[in-house]
Amino acid sequence: MGASQPALQDEPVAIRVGSVTAVAWPAQLKLAAELARRAADTTEWPGLGRLAPGPLRIIVVPDARRLDSLTSGRSPGWGAAVALPGSRTILLRADLGDVFRTLRHELAHLVLHQAVPVRVPLWFAEGYAAWAAGEWERLGALDLNLAVVRGAVPSLDELNAALRGSESTADAAYALAATAVIELARRHPSKSLQPLMKRLGAGQNFDDVVQATTGLTLGQFERAWRLSLRRRYSLITWLLAGGGWATLALALWLLVRRRRALDQPRRAALDEGWVVPPEEPATSAEDPSPPELDRTRER
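Mapping of the sequence shown onto my numbering: residues 36 to 334, in sequence order.
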């Protein structure tokens, strides 16, 4: 029994909390139980009301290597989790980020898939999940502001590609996707996603639903969204968000380098013809200052 104990320490364990099954390795078992408890709760979802995700499985993995192994390499190295709506499974890393917010993000994918029988674009699915998880810090990210200041607001198709890209592009892409979903809600008189979700839940085509709830074709909505972004995330917004300090620091550094370059010829000219005389040998003579002076100062 004792000899087999080390092998058992590396075997996953399954526990059940309500309709949620959590699978984890012993070191992550306590975390998995808490994640399962939260996943089983009935909570509010944007445009859908209060829902429980229903039966599902959460697999809590210790690190990126294990996540990569279980997803057959489909998860990027920087990814914190993967949702598989078809099998109602969430794989989640225990070593990265806010695991409870990550869980909320992935649960949003399952809830959306459960409520909407039609295919939706990737930007909508990821933007909805970011909104549902309350990932508001993404909207304040300097990457997003700088992208807009540079005029690098992608099209919705380009946004889909960026969401599958590298870590450096994906973070801003998630934020941009969230702004697009928020813009869909803002464009309806109710300022809510509920009318759009209701139509999608009835099986209507996504493009038709966008036009019915915003009065714009998808192409028109895309142009309106990009214009709204440029107005909202202007240069002033980026500077106030902190980008100005980085710009100022870079400008000062460049000025110092330029100043040194300009001073170099003058310094070289001043050095010409100068000969440093040899140092005088040290003497052992005592300080000639009269002691009377010191006594006067003491008075």
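Note that beta-carbon positions come from the ideal geometry of N, C-alpha and C, so glycine has one too. This structure is a prediction, so every number in the text was calculated from the model and none was measured.
key: Where Ala57 sits in the DSSP three-state scheme   = For this step, residue 57 is matched to residue 22 along the sequence shown. Residue state, collapsed to three classes: strand.
task = Taking only the alpha-carbon atoms, compute the straight-line gap between Gly278 and Ala212 and give it to the nearest angstrom.
result = Translated into positions along the sequence shown, residue 278 becomes position 243. Translated into positions along the sequence shown, residue 212 becomes position 177. Any reading at Gly278 must be qualified, since the residue scores a pLDDT of 45, below 50, and its modelled position is unreliable; the value itself is stated next. Computed Cα separation, rounded: 22 Å.
request  = Apply the 10 Å Cβ neighbour rule to Val48 and answer buried if 16 or more other Cβ atoms are within range, or exposed otherwise.
outcome  = Indexing the sequence shown from 1 puts residue 48 at position 13. Burial call: exposed.
inquiry  = Does chain D have any CB closer than 9 Å to the CB of Arg92?
reply    = The displayed structure is made up of one protein chain only, and chain D is not part of it.
ask   = How about Val153 and Asn240: do their beta carbons lie closer than 9 Å?
value = As a first step, residue 153 is located in the sequence shown; it is residue number 118 there, counting from the start. As a first step, residue 240 is located in the sequence shown; it is residue number 205 there, counting from the start. In contact: Val153 and Asn240 (Cβ atoms closer than 9 Å).
request  = Keeping to the same chain, check which residues put their C-beta closer than 7 Å to that of Arg139; ignore five residues upstream and five downstream.
outcome  = If you number the sequence shown from 1, residue 139 lands on position 104. Hits under 7 Å: Ala167, Ala168.
ask   = According to DSSP, what are the bridge partners of Arg128?
value = Residue numbering aside, residue 128 sits at position 93 when the sequence shown is read from its first letter. Note: Arg128 sits in a beta bridge opposite Val96.
inquiry  = If you reduce the DSSP assignment to three classes, tell me which class Arg51 lands in.
reply    = Along the sequence shown, one-based indexing puts residue 51 at 16. Three-state DSSP puts Arg51 in a strand.
ask   = Looking at the unbroken beta strand (DSSP E) that takes in Arg85, where does it start and where does it end?
value = Residue 85 sits at position 50 when you count from the first residue of the sequence shown. Residues 84 to 86.
key: Trp80 - partner residues in DSSP beta bridges   = Indexing the sequence shown from 1 puts residue 80 at position 45. Answer by DSSP bridge pairing, in chain order: Gly84.
message = By alpha-carbon positions, which one of His148, Thr77, Glu141, Ala62 ends up nearest to Gly335?
response = The shown model of the chain, from 36 to 334, leaves out residue 335, and the question about it has no answer.
message = Looking only at its chain, what residues have a beta carbon closer than 6 Å to the beta carbon of Gln229, apart from the 5 residues adjacent to it on each side?
response = Residue 229 sits at position 194 when you count from the first residue of the sequence shown. So the qualifying residues of the chain are Gly82.
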